[in-house]
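Numbering (the numbering used here), first residue to last: 1093 to 1208.
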């Protein structure tokens, strides 16, 4: 219930839709990734950034769990990707890095691994 309220209050539904479109596309869309990055990198968009990162973590964790149950290399790559998301988030917040740039880079990396 709380997650649904947060999604509705901070534009999470739009973020989730854009993220789903990005990862479902045949090829990576830099313009859509930029739109997502812009939505979470503004002055008053800390809740949106936190929400996006949580959605990305959840998506990758779910895929990693499924891949691990099935065996193979994908589980390892997805586990490493999950660690990268955590690392990106921590470094961005700790050092005040450009969220727009970091999110854009992370989305490109996620697309590449999730669409193997």
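All C-beta atoms in this analysis are idealised placements derived from N, C-alpha and C, irrespective of residue type, glycine included.
Residue i and residue j closer than 7 angstroms at C-beta
i, j, result
"residue 1152", "residue 1140", "no"
"residue 1128", "residue 1110", "yes"
Element boundaries [alpha helix (DSSP H), containing residue i]
i, result
"residue 1112", "1104-1116"
"residue 1196", "1191-1206"
Residues near residue i in its chain [Cβ-Cβ closer than 7 angstroms; skip 5 each side]
i, result
"residue 1156", "1167, 1170, 1171 and 1174"
"residue 1184", "1191 and 1194"
Cutoff 6 angstroms; reference residue i; Cβ partners in own chain excluding five residues on either side
i, result
"residue 1145", "1181"
"residue 1205", "1169 and 1173"
Rounded separation between residue i and residue j - CA only
i, j, result
"residue 1195", "residue 1188", "13 angstroms"
"residue 1186", "residue 1125", "23 angstroms"
"residue 1136", "residue 1198", "21 angstroms"
"residue 1143", "residue 1191", "13 angstroms"
"residue 1114", "residue 1162", "25 angstroms"
"residue 1178", "residue 1202", "13 angstroms"
"residue 1104", "residue 1149", "14 angstroms"
Spatial neighbours of residue i in its chain, beta-carbon cut-off 8 angstroms, leaving aside the 5 residues before and after
i, result
"residue 1208", "1166 and 1169"
"residue 1130", "1192"
Distance cut-off 6 angstroms: residue i Cβ against heavy atoms of the ligand GDP
i, result
"residue 1123", "Among the components of this structure there are no ligands whatsoever, and the ligand GDP is therefore not found."
Next on the checklist: As an exercise, report each continuous alpha helix (DSSP H) stretch of at least 4 residues that is fully enclosed by the segment 1118-1166, in chain order.
Outcome noted: Secondary structure remark: continuous alpha helix (DSSP H) runs of at least 4 residues inside the segment 1118-1166, in chain order: 1122-1132 and 1138-1162.
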